[in-house]
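With my numbering as the guide, the letters of the sequence shown map in order to residues 5 to 409. Cβ atoms here follow ideal geometry from the backbone N, Cα and C, with glycine treated the same way.
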Amino acid sequence: MQTHLSPDIQNTPAGKAAESILRSCVHCGFCNATCPTYQLLGDENDGPRGRIYLIKQMLEGKQSAAKTLTHLDRCLTCRSCETTCPSGVQYAKLLEIGRQIAETQIKRPPKELALRKLLRKTLPYPKRFSTLLGTARLIKPALPGTVKQKIPQKRRYKQWPQNKHNRFMLILDGCVQPSLSPDINAATANLLDRLGIHLKNIPQATCCGAVSQHLNAEEEAQRFMRQNIDAWWPEIERGAEAIISTASGCGAVLKEYHHYLQHDVDYAEKARRISELCKDISEIIMDEDSEQLKTTNVDTAKKLAWHPPCTLQHAQKITGHVETILTRAGYTLVPVADQYLCCGSAGTYSILQADLAQQLRQNKLENLQKHQPEMIVTANIGCQTHLQEATELPVVHWITLLDSA
Ligand code: SF4
Ligand code: SF4
């Protein structure tokens, strides 16, 4: 695609990156076929090809930032289009540039600004989020139905194993996950303990930066990233083998630290190391001798429906691991149609674009429940909570299921 970016953007790092990505797109439109918002809305501007064109026109000074941002806001950042694109267009990177630039050129309505600020000031802070969730649970009966539905049931906290092993790995505890589902990381610690690996949680580590990044607060996101690097670095120097993520959304961002901090002379090299060390828990279990995890307690008749989060399959490009691990453990996975499609959770999307998110969830649940599974398993707290709001079936992280067997 030919480009003529306006002179004020052309020679900036963002302008150069955008130009190179725009030029790699041949405008074939294959990506539209697997885009969830294009499927729902049928509007070229709500598909990847149209969004790419809107960004190009905005960067050339031919399109208003307001119109562009409306359609970029509706994008889930699910990256299904990247998986489909035969030309390897780095859509998500272009999207971030487009969003950042459009955001500086328009003023959002006050209500929208306030909601986005509220999300940025609560979700990435575990104590604030935990207080908010605790209060919401206390006053739940008095809340309206739509809000009530968003408050998940309390999950039991599990003890972490106390054994020490020579081998050790770090875990990203996450920001909302410890309050919503504290059993996930405890299950991970238990399973790794059985494999002879000690799992360390460093309390100074914080949110991965995804929430701020998704809400176009780039500098804030980078502050979180630097804080995590500082928290983990001494343990990395002591020989930590990996940094494990049990939420694929966070893992996808950790694996991009090298990209986000590439221009930071003090952190670029460390960020590269963090991205190298970051592993989804499914990658670790696949690589280890899983014979040690074999148990006789698996209910092999139990039928599971697997929902692979977009951040696992499209962003991290991890496919087949969880299915293999669960099948090897003895579980039966039912077929699920259109697994490439997003469930609508997508970070803060389910709050900011609630109508679209609910339609996507309804379609997703129809596919997941079609063959009467007894449980839905997934790999990201966002998908887990979003899906659980609208189904009676239990929705759990696969690692908790494996630990309970
Ligand atoms: S992003 Fe890829 S699939 Fe989509 S129009 Fe461009 S080249 Fe074609
Ligand atoms: S990231 Fe997802 S929603 Fe956005 S354009 Fe690509 S496929 Fe569509």
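Under DSSP, the beta strand (DSSP E) around residue i begins and ends at which residues?
i: S91; result: No beta strand (DSSP E) holds S91; DSSP gives it neither H nor E.
i: A309; result: K307 to W310
i: T382; result: M379 to T382
i: F172; result: R171 to I175
i: V400; result: V399 to H401
i: I248; result: I247 to S249
i: D284; result: C282 to D284
Would the C-beta of residue i count as close to ligand 2, meaning under 7 angstroms from any of its heavy atoms?
i: R55; result: yes
i: G348; result: no
i: S24; result: no
i: S84; result: yes
i: C89; result: no
i: P312; result: no
i: L147; result: no
i: T192; result: no
i: C387; result: no
i: C211; result: no
i: Y344; result: no
Rounded to a whole number of angstroms, what is the C-alpha to C-alpha distance between residue i and residue j?
i: Y261; j: Y95; result: 17 angstroms
i: S183; j: I175; result: 16 angstroms
i: V93; j: T323; result: 20 angstroms
i: Q153; j: E292; result: 39 angstroms
i: N189; j: G19; result: 40 angstroms
i: K60; j: D12; result: 14 angstroms
i: A118; j: K125; result: 10 angstroms
i: Q208; j: A221; result: 21 angstroms
i: Q363; j: L219; result: 22 angstroms
i: G46; j: Q317; result: 24 angstroms
i: M5; j: H31; result: 7 angstroms
i: K131; j: K162; result: 19 angstroms
i: M290; j: P113; result: 47 angstroms
Is residue i buried or exposed, if buried means 16 or more other CB atoms sit within 10 Å of its CB?
i: Q320; result: buried
i: P339; result: exposed
i: T331; result: exposed
i: V269; result: exposed
i: I56; result: buried
i: I105; result: buried
i: C89; result: buried
i: K259; result: buried
i: H390; result: buried
i: E370; result: exposed
i: L147; result: exposed
i: R103; result: buried
i: C254; result: buried
i: R365; result: buried
Considering only the alpha carbon of each residue, which of the options lies closest to residue i?
i: R159; options: K71, D187 and I355; result: D187
i: Y335; options: Q153, Q357, M290 and W402; result: W402
i: L308; options: T382, N36 and P52; result: T382
i: Y271; options: S249, K283, I233 and G243; result: I233
i: P52; options: A18, L99 and S28; result: L99
i: E327; options: N367, Q363 and I380; result: I380
i: L63; options: S24, C82 and C32; result: S24
i: R230; options: V400, R277 and L196; result: R277
i: E396; options: Q266, E378 and P11; result: E378
i: E4; options: K121, S279, A69 and I59; result: The question about residue 4 has no answer, for the chain in this structure spans 5 to 409.
i: Q181; options: R171, P156 and K168; result: P156
i: L195; options: T210, K111, W164 and C179; result: W164
i: S84; options: G348, G65 and H8; result: G348
i: S279; options: K306, L142, P313 and I240; result: I240
i: T74; options: N49, G65 and L281; result: N49
i: T315; options: A256, K66 and R198; result: A256
i: C212; options: L9, C179, G243 and G138; result: C179
Indicate, with yes or no, if ligand 1 has a heavy atom lying under 7 angstroms from the CB of residue i.
i: C35; result: yes
i: P52; result: yes
i: C32; result: yes
i: Y42; result: no
i: C29; result: yes
i: Y95; result: yes
Tell me where the alpha helix (DSSP H) around residue i begins and ends.
i: S349; result: No alpha helix (DSSP H) holds S349; DSSP gives it neither H nor E.
i: H202; result: It is not in any alpha helix (DSSP H) - H202 instead sits in the beta strand (DSSP E) that spans I201 to N205.
i: S216; result: A214 to H218
i: N371; result: A358 to Q373
i: T389; result: I385 to Q392
i: Y57; result: P52 to L63
i: F34; result: Note, F34: premise wrong, no alpha helix (DSSP H); not H, not E.
i: L196; result: D187 to R198
i: G19; result: P17 to S28
i: H75; result: A69 to D77
i: T331; result: H325 to A333
i: S10; result: Looking at the DSSP string, S10 is not in any alpha helix (DSSP H), and its letter there is neither H nor E.
i: A118; result: P114 to T126
Under 8 angstroms, Cβ to Cβ, is there at least one residue of chain B near residue i?
i: A221; result: Protein chain content of the structure displayed is limited to a single chain, and chain B is not contained in it.
Beta carbon of residue i: closer than 7 angstroms to some heavy atom of ligand 4?
i: C179; result: Annotation note on ligand 4: not contained in the displayed structure, which lists ligand 1 and ligand 2 as its ligands.
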